[in-house]
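Here the sequence shown is numbered in my numbering, starting from 1 and rising by one per residue. Virtual Cβ for every residue (Gly too), placed ideally from N, Cα, C.
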Amino acid sequence: MFLLTVLCAPKLYREFGWSRGSISFAVSVNLVLYGLTAPFATALMERYGIRSVVCGALVLISAGSGLTVFMTSQWQLVLCWGVLVGLGSGSMALAFAGTVANRWFVARRGLVTGILTAGGAAGNLVFLPVVGLLAEGPGWEAAALTVSLAVLAVVPLVLWRMRDRPEDLGVLPYGAGPEHAPAPAPPPGAARRTLRALATASRSGVFWLLAGTFAICGASTNGLIGTHFVPGAHDHGMEVTVAASLLAVVGVFDLVGTVFSGWLTDRYDSRRLLAVYYGLRGVSLLFLPVLLSDSVHPPMLFFIVFYGLDWVATVPPTIALCREHFGADGGVVFGWVLASHQIGAAVVAYAAGAIRDTTGSYDLAWTSAGVLCALATVMVMVIRRPRPADRGAPVVTSPART
């Protein structure tokens with residue numbers, strides 16, 4: 001959803017005279033609130049149900065996008081696209097994928113997490129050309145209203161078809177045996193439980209390693225490429241709609257890469273998978289400054305395809321590591337790890353815009369992100385496999401091959 005801001009940014013520059021840094025600030029607010037809302041949304045889903053939380057989130061996103069057509073000041077952009085859309089997106093986010101996988105599946109959780117995660121990320125990117133055409137044609141107001149109405153139209157479908165638990169349909173979770181017993185409802189106090197899970201997890205070095213590497217993940221995807229690839233390519237003479245189409249291709253291959261990553265997560269050591277993902281991502285970012293030009297050429301297409309395969313491939317193994325190390329609180333802990341992802345994205349979204357305003361180029365931002373990805377490769381390999389006594393509660397997972 002924050003990518004709407006990115007596509008409309010050139011129009012906002014011209015209409016309001018706002019700098020790249022000021023518009024990037026609205027994106028940063030969106031990303032921070034997206035992340036900080038996620039752990040509380042996970043607890044709320046477990047307490048009040050997935051359907052109620054998702055409906056509320058969709059209404060917030062629709063309102064935030066639609067109200068922008070009335071804005072005249074920068075603070076209103078921050079309020080609508082930053083605060084309202086950030087809170088709504090964070091209330092669904094990747095916490096939705098983790099909660100659904102944990103409730104509805106015992107077997108193939110990694111694969112399911114990959115499919116749900118890929119669907120969300122790919123949806124963001126695949127519709128970029130349509131939004132880009134609306135922004136370039138009728139105007140950014142038409143793009144914002146289209147997104148608002150499309151999101152609002154999903155609410156009746158959620159109320160009609162979505163269920164909170166398998167038991168609501170009289171079935172067992174996929175892969176569960178006849179001895180399966182439904183998890184008891186969590187006690188009241190979603191906020192207390194969320195903060196308690198953070199306090200417990202923060203005493204573990206594993207939590208900080210996961211949070212640090214996922215912050216780098218957010219910095220190198222949503223914060224950098226998602227926010228600045230289109231204006232960066234436009235700086236080299238590429239049309240905005242062409243650059244947006246390249247990000248749409250990222251979305252298509254993201255679907256393939258993340259589903260495959262989920263399949264791998266059910267079979268192999270999550271730490272090694274993450275090390276490969278971050279390492280290859282870092283190398284690709286170091287080459288990006290020499291790949292950007294005014295047209296699409298084969299090396300750029302290779303970068304786009306590769307980055308798509310790697311975009312959110314990190315999510316299934318990261319969720320798996322949270323389950324392995326933090327047991328019953330794994331979903332809530334992942335919400336906090338996701339918060340670090342969005343904080344990293346927010347910092348780089350603003351910093352890259354400031355670098356562009358100061359130096360006239362994004363080159364320093366691309367290469368710095370590549371170095372950070374190399375650091376994440378080292379960090380993830382420091383994580384040790386959990387001992388049974390270290391886990392918060394028994395968790396059924398497929399054995400990983402080492």
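Exercise. Work out the CA separation of residue 339 and residue 193 for me, nearest whole Å.
Key: On the sequence shown, residue 193 is found 193 positions in, with the first residue counted as 1. On the sequence shown, residue 339 is found 339 positions in, with the first residue counted as 1. Their backbone Cα atoms lie some 16 angstroms apart in a straight line.
Quiz item: In chain order, what residues of the same chain have a beta carbon less than 7 angstroms from the beta carbon of residue 307, not counting five sequence neighbours either side?
Solution: For the purposes of this step, residue 307 is taken as residue 307 along the sequence shown, with counting starting at 1. The residues are 225, 250, 284.
Quiz item: Just reading off the alpha helix (DSSP H) that residue 81 is part of, what are its end residues?
Solution: As a working mapping, residue 81 is identified with position 81 in the sequence shown. Run containing residue 81: none; DSSP gives neither H nor E here.
Quiz item: Would DSSP call residue 174 helix, strand or coil?
Solution: Taking the sequence shown and counting its residues from 1, the one referred to as residue 174 is at position 174. If DSSP states are grouped into helix, strand and coil, residue 174 belongs with the strands.
Self-check item: Bridge-paired residues (DSSP) for residue 105
Solution: For the purposes of this step, residue 105 is identified with residue 105 of the sequence shown, where counting begins at 1. Answer is 174.
Self-check item: Contact set for residue 367: own chain, Cβ-Cβ below 8 angstroms, skip 5 residues either direction
Solution: Within the sequence shown, the letter at position 367 stands for residue 367. Cβ neighbours of residue 367 beyond the five flanking positions: 285, 286, 289.
Self-check item: Whole-number beta carbon distance between residue 254 and residue 280, since they are thought to touch under 8 angstroms
Solution: Locating residue 280 in the sequence shown gives position 280, where the first residue counts as 1. Locating residue 254 in the sequence shown gives position 254, where the first residue counts as 1. Rounded, the Cβ-Cβ distance is 15 angstroms, inconsistent with contact.
Quiz item: Under three-state DSSP, which class holds residue 278?
Solution: The residue you call residue 278 lines up with position 278 of the sequence shown. Note: residue 278 maps to helix in three-state DSSP.
Quiz item: Can you tell me whether residue 356 is buried or exposed, with buried defined as 16 or more other CB within 10 angstroms of its CB?
Solution: As a first step, residue 356 is located in the sequence shown; it is residue number 356 there, counting from the start. When all chains shown are included, residue 356 counts as buried.
Quiz item: Nearest to residue 45 by CA position, among 114, 90, 267, is which residue?
Solution: Residue 45 sits at position 45 when you count from the first residue of the sequence shown. If we check each option's Cα against that of residue 45, 90 comes out closest.
Quiz item: If you draw a straight line from the alpha carbon of residue 49 to that of residue 86, how long is it in whole angstroms?
Solution: Residue mapping note: residue 49 aligns to position 49 of the sequence shown, counting from 1. Residue mapping note: residue 86 aligns to position 86 of the sequence shown, counting from 1. If I take the Cα positions, the gap works out to 21 angstroms.
Practice problem: Could you tell me the boundaries of the alpha helix (DSSP H) in which residue 268 lies? | Solution: Sequence index remark: in the sequence shown, residue 268 carries index 268 (1-based). No alpha helix (DSSP H) contains residue 268, which DSSP labels as neither H nor E.
Practice problem: Please report how far the alpha carbon of residue 148 lies from the alpha carbon of residue 127, in whole angstroms. | Solution: Taking the sequence shown and counting its residues from 1, one reaches residue 148 at position 148. Taking the sequence shown and counting its residues from 1, one reaches residue 127 at position 127. Those two C-alpha atoms are separated by around 14 angstroms.
Quiz item: Mapping DSSP to helix, strand and coil, what is residue 230?
Solution: Working through the sequence shown from its first residue, we reach residue 230 at position 230. Residue state, collapsed to three classes: helix.
Quiz prompt | Outcome for residue 399 when other beta-carbon atoms lying within 10 angstroms are tallied against a minimum of 16 | solution = Here residue 399 refers to the residue found at position 399 when the sequence shown is read from its first residue. Low local confidence applies: a pLDDT of 36 at residue 399 is under 50, so the model's placement there is unreliable, and no value is given.
Quiz item: What distance in whole Å lies between the Cβ atoms of residue 320 and residue 110, which are believed to be in contact at a cut-off of 8 angstroms?
Solution: Translated into positions along the sequence shown, residue 110 becomes position 110. Translated into positions along the sequence shown, residue 320 becomes position 320. Indeed they touch by this definition, with Cβ atoms about 6 angstroms apart.
Quiz prompt | residue 321 - containing alpha helix (DSSP H), residue span | solution = Looking up residue 321 in the sequence shown gives position 321. Run containing residue 321: 315-326, per the alpha helix (DSSP H) assignment.
Self-check item: Three-state class that DSSP yields for residue 15 in the structure shown
Solution: The residue given as residue 15 occupies position 15 in the sequence shown. The three-state reading of DSSP puts residue 15 in helix, counting H, G and I together.
Self-check item: Cβ distance (whole Å) where residue 197 is taken to contact residue 337 below 8 angstroms
Solution: Taking the first residue of the sequence shown as position 1, residue 197 is located at position 197. Taking the first residue of the sequence shown as position 1, residue 337 is located at position 337. In this structure, residue 197 and residue 337 do not form a Cβ contact; the two beta carbons are roughly 11 angstroms apart against a cut-off of 8 angstroms.
Self-check item: Cβ-based neighbour list, residue 63, same chain, cut-off 7 angstroms, excluding 5 preceding and 5 following
Solution: One-based indexing of the sequence shown puts residue 63 at position 63. The residues are 84.
Quiz item: Would you say the stretch 63-75 touches the stretch 161-170, given that touching needs at least three Cβ pairs under 8 angstroms?
Solution: no
Practice problem: Measure the Cβ-Cβ separation of residue 359 and residue 214 and say whether it is below 9 angstroms. | Solution: Locating residue 359 in the sequence shown gives position 359, where the first residue counts as 1. Locating residue 214 in the sequence shown gives position 214, where the first residue counts as 1. Annotated as distal: residue 359 and residue 214, with beta-carbon spacing of 9 angstroms or more.
Quiz prompt | CA-to-CA distance, residue 151 to residue 51, given in whole angstroms | solution = As a working mapping, residue 51 is identified with position 51 in the sequence shown. As a working mapping, residue 151 is identified with position 151 in the sequence shown. Their backbone Cα atoms lie some 15 angstroms apart in a straight line.
Quiz item: Between residue 191 and the rest of its own chain, which residues show a CB-CB distance below 8 angstroms, the 5 nearest in sequence each way excluded?
Solution: Mapped onto the sequence shown, residue 191 falls at position 191. Taken in chain order, the residues that qualify are 40, 43.
Exercise. Note down the Cα distance separating residue 392 from residue 239, rounded to an integer number of angstroms.
Key: Here residue 392 refers to the residue found at position 392 when the sequence shown is read from its first residue. Here residue 239 refers to the residue found at position 239 when the sequence shown is read from its first residue. For residue 392, the pLDDT reaches just 47, beneath the cut-off of 50, and the residue's location in the model is therefore unreliable, although a value from the coordinates is still provided. As the crow flies, the alpha-carbon of residue 392 is around 52 angstroms from that of residue 239.
Quiz item: With distances taken from CA atoms, which of 136, 54, 317, 345 is nearest residue 267?
Solution: Counting from one through the sequence shown, the residue named residue 267 turns up at place 267. Looking at the Cα atoms, 317 is the closest of the given residues.
Quiz item: Are residue 78 and residue 97 touching if we call contact CB-CB under 9 angstroms?
Solution: Position 78 of the sequence shown, counting from 1, holds the residue named residue 78. Position 97 of the sequence shown, counting from 1, holds the residue named residue 97. Not in contact: residue 78 and residue 97 (Cβ atoms no closer than 9 angstroms).
Quiz item: Span of the alpha helix (DSSP H) holding residue 378?
Solution: Working through the sequence shown from its first residue, we reach residue 378 at position 378. Here the alpha helix (DSSP H) through residue 378 covers 363-382.
Quiz item: Straight-line CA distance for residue 60 to residue 88?
Solution: Residue numbering aside, residue 60 sits at position 60 when the sequence shown is read from its first letter. Residue numbering aside, residue 88 sits at position 88 when the sequence shown is read from its first letter. The alpha-carbon atoms of residue 60 and residue 88 are separated by roughly 5 angstroms.
Exercise. Enumerate in chain order the residues of its own chain whose CB-to-CB distance from residue 236 is below 6 angstroms, with the five nearest sequence positions on each side excluded.
Key: Position 236 of the sequence shown, counted from the first residue, corresponds to residue 236. So the qualifying residues of the chain are 292, 293, 294.
Quiz prompt | Nearest to residue 177 (by Cα), restricted to the options 106, 170, 371 | solution = For the purposes of this step, residue 177 is taken as residue 177 along the sequence shown, with counting starting at 1. Out of 106, 170, 371, 106 has the C-alpha closest to the C-alpha of residue 177.
Quiz prompt | Close-in-space but distant-in-sequence residues of the same chain around residue 114 (CB under 6 angstroms, 5 per side omitted) | solution = Along the sequence shown, one-based indexing puts residue 114 at 114. Hits under 6 angstroms: 258, 259, 261, 262, 316.
Quiz item: In terms of residues, what are the limits of the alpha helix (DSSP H) holding residue 336?
Solution: Looking up residue 336 in the sequence shown gives position 336. It spans 330-359 - the alpha helix (DSSP H) in which residue 336 sits, taken as one unbroken run.
Quiz item: Which residues in the same chain as residue 56 place their Cβ atom closer than 7 angstroms to its Cβ, once the five residues preceding and following it in sequence are excluded?
Solution: Counting from one through the sequence shown, the residue named residue 56 turns up at place 56. Within the same chain, residue 56 has close Cβ partners 91.
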